[in-house]
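*Asks:* Sequence lines, in order, name chains A and B.
The numbering of the first sequence is my numbering, which starts it at 14 and goes up by one.
The numbering of the second sequence is my numbering, which starts it at 14 and goes up by one.
Yeah, the Cβ is synthetic: ideal placement off N, Cα and C, and Gly gets one too.
There are 2 protein chains.
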Amino acid sequence: MQADPATWPSAGSVDPEQACPVAPVVDIVFSRWTTPILWTLNYQGRQRFIELQRRIGSITPKVLTQRLRQLERDGLVVRTYHPEVPPRVEYEISDLGRSLAPLFAHLAEWATSHLDDVEQARRAYDGNPAATRPSAVPDAGSVMSTANR
Amino acid sequence: MQADPATWPSAGSVDPEQACPVAPVVDIVFSRWTTPILWTLNYQGRQRFIELQRRIGSITPKVLTQRLRQLERDGLVVRTYHPEVPPRVEYEISDLGRSLAPLFAHLAEWATSHLDDVEQARRAYDGNPAATRPSAVPDAGSVMSTANR
DNA sequence: CAGGATCCCTTGGGATACTG
DNA sequence: CAGTATCCCAAGGGATCCTG
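1. To the nearest angstrom, how far is the alpha carbon of P18 of chain B from that of I69 of chain A?
2. Terminal residues of the continuous beta strand (DSSP E) containing I106 of chain A?
3. Exposed or buried, what is A114 of chain B when buried is set at 16 or more other beta-carbons lying within 10 Å of its beta-carbon?
4. Apart from the five residues just before and just after L54 of chain A, which ones in its own chain have a Cβ nearer than 8 angstroms to its Cβ?
5. Let's see if you can read the secondary structure: which residues bound the alpha helix (DSSP H) around W48 of chain A?
6. Taking Y94 of chain B as the query, report the chain A residues whose CB atoms sit under 8 angstroms from its CB, ordered along the chain.
7. Measure the CB-CB distance between I41 of chain B and D108 of chain B and report whether it falls below 7 angstroms.
8. Span of the beta strand (DSSP E) holding R92 of chain A?
9. Can you look up R61 of chain A in the DSSP assignment and give me helix, strand or coil?
10. Are the beta-carbon atoms belonging to I72 of chain A and W46 of chain A less than 7 angstroms from one another?
11. In whole angstroms, what is the alpha-carbon distance linking Y138 of chain B and R80 of chain A?
12. Does the distance between the C-beta of I72 of chain A and the nearest non-hydrogen atom of the ligand ADP fall short of 6 angstroms?
13. Work out the CA separation of V102 of chain A and P142 of chain B for me, nearest whole Å.
14. Between B:T145, B:V35 and B:A118, which lies nearest to E97 of chain A when the distance is taken from Cα to Cα?
15. In chain A, which residues lie less than 8 angstroms from T48 of chain B when you measure between Cβ atoms?
16. Looking only at C-alpha atoms, which of B:P34, B:V35 and B:L84 sits nearest to P164 of chain B?
17. Cβ of F117 of chain A within 7 angstroms of Cβ of F43 of chain B?
18. Straight-line CA distance for Y121 of chain B to R67 of chain A?
19. By the DSSP assignment, the alpha helix (DSSP H) with T78 of chain A in it spans what residues?
20. With a 10 Å radius around its C-beta and 16 neighbouring C-beta atoms as the bar for buried, classify R136 of chain B as buried or exposed.
21. Run down chain B in chain order and give the residues with a C-beta less than 8 angstroms from the C-beta of D130 of chain A.
22. Starting from L44 of chain A, trace the alpha helix (DSSP H) both ways and give me its first and last residue.
23. CA-CA distance, T93 of chain A and D130 of chain B?
24. Determine the burial state of H95 of chain A: buried for a count of at least 16 other Cβ atoms within 10 Å of its Cβ, exposed for fewer.
25. What are the start and end residues of the alpha helix (DSSP H) that includes L120 of chain B?
26. Is R68 of chain B helix, strand or coil when you go by DSSP?
27. Do you know how far the Cα of A36 of chain A is from the Cα of Q133 of chain B?
28. Answer with yes or no whether the minimum CB distance from F62 of chain A to chain B is below 7 angstroms.
29. L65 of chain B touches chain A at which residues, Cβ-Cβ below 8 angstroms?
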């Protein structure tokens, strides 16, 4: 799939967020846990807090709450509180959140078709120290999972 | 690799990367500066270090180097070193990097059509404290500018 | 159950000064 | 010019414990 610059909307000025129109979206949608949350919510439908937590797995309640709160504030997720005993809260994706679905699909598509290339490029880079290249990569393989202790 | 709920592991924990196929892509492409860099590189074409820095604006050379290095390692950017005096280095987007263009376009599209909704949702959320809602947002509007001192 | 309260650690990123 | 080397900060996250 080729891509000429013409398909890229014009880059405006020079501020970080303004040099790139997609930057704001990144802030909203792409943090460590937001995509798994949105993904799960989108595919598994409405579910309660603890279900979400179990499905996503290694996320802690604190963080799940934080992200959920942010997603709710941004209108991507709808929170429903049931005043019962014990309390029950359900989360579901909103229409706005659902509007991201094609985007996610697109992303997943790119992943399946190009992730290998990235891996390969990494191995090539790591395994073959070109002389015209700076000594070392400062923060090279930082794909480590911070998800255990 | 599609996400079929039936294939999801039911026992044990699920890593964020496995709960959501797009997570790895996020790691690679969406950090604070990567999108502006890729965007500029793609739209403005091959350019040298300092041009990139000036175009992107507030990025520091250290960070620009770090991101550039990572992007190069991941095969999204190509670095060309010219052994001259003074040294000259040019960066350009690779084919792999270019393959992200439609994705970015899609992202930008979403931005223009839905960013307002997000803003609106935020104002509604902030301005209208529903009683069924937890007291406050822990890290609500964390769009803090860490960009100057 | 759904989170709030704390404490702590890792990291991306910023500022400044300095080489090849 | 194109980085390097330090030092430093803030924020996202993680672990634990506690409560409406």
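*Replies:* If we stick to the structure as given:
1. Note on P18 of chain B: pLDDT 38, under 50, position unreliable in the model; the coordinate value appears next. Computed Cα separation, rounded: 12 angstroms.
2. Following the DSSP letters along the chain, one finds I106 of chain A inside the beta strand (DSSP E) bounded by residues R101 to I106.
3. Buried, since its Cβ has 16 or more Cβ neighbours within 10 Å.
4. Beyond the five residues adjoining it in sequence on each side, L54 of chain A comes within less than 8 angstroms, by CB distance, of Q60, L65, V90, Y104, E105, I106 and G110 in the same chain, given in chain order.
5. The sequence given here has Thr at residue 48 of chain A, not Trp. For T48 of chain A, the enclosing alpha helix (DSSP H) stretches over residues T47 to Q57.
6. Those are T145 and R146, listed as they occur along chain A.
7. Taking 7 angstroms as the Cβ cut-off, I41 of chain B and D108 of chain B do not qualify as a contacting pair.
8. Following the DSSP letters along the chain, one finds R92 of chain A inside the beta strand (DSSP E) bounded by residues V90 to H95.
9. The three-state reading of DSSP puts R61 of chain A in strand, counting E and B together.
10. With respect to the 7 angstroms criterion, I72 of chain A and W46 of chain A are classified as neighbours on the basis of their beta carbons.
11. In this structure, the CA atom of Y138 of chain B is about 15 angstroms from the CA atom of R80 of chain A.
12. Annotation note on the ligand ADP: not contained in the displayed structure, which lists no ligands.
13. Straight across, the Cα-Cα distance linking P142 of chain B with V102 of chain A is about 17 angstroms.
14. The residue with the shortest Cα to Cα distance from E97 of chain A is B:T145.
15. The contacting residues are C33, V35, A36 and V39.
16. Nothing about residue 164 of chain B can be read from this structure; chain B reaches only from 14 to 162.
17. In this structure, F43 of chain B does not lie closer than 7 angstroms to F117 of chain A by Cβ.
18. Reading off the sequence shown, one finds Ala at residue 121 of chain B, where the question assumed Tyr. A121 of chain B and R67 of chain A have their alpha carbons spaced roughly 33 angstroms apart.
19. Its alpha helix (DSSP H) spans residues P74 to R86.
20. Here R136 of chain B is exposed, its C-beta having fewer than 16 other C-beta atoms within 10 Å.
21. Within chain B, G88 and L109 have C-beta atoms less than 8 angstroms from the C-beta of D130 of chain A, given in sequence order.
22. According to the sequence shown, residue 44 of chain A is Ser rather than Leu. Annotation: S44 of chain A is outside any alpha helix (DSSP H) and is labelled neither H nor E by DSSP.
23. Straight across, the Cα-Cα distance linking T93 of chain A with D130 of chain B is about 20 angstroms.
24. Sixteen is the threshold: since fewer than 16 other Cβ atoms of the shown chains lie within 10 Å of the Cβ of H95 of chain A, the residue is exposed.
25. Counting along the chain, the alpha helix (DSSP H) containing L120 of chain B begins and ends at A114 to G140.
26. If DSSP states are grouped into helix, strand and coil, R68 of chain B belongs with the helices.
27. C-alpha separation (whole angstroms): 18 angstroms.
28. Interface flag for F62 of chain A against chain B is unset, since no Cβ pair is found closer than 7 angstroms.
29. Chain A residues near L65 of chain B: none, gap ~10 angstroms exceeds 8 angstroms.
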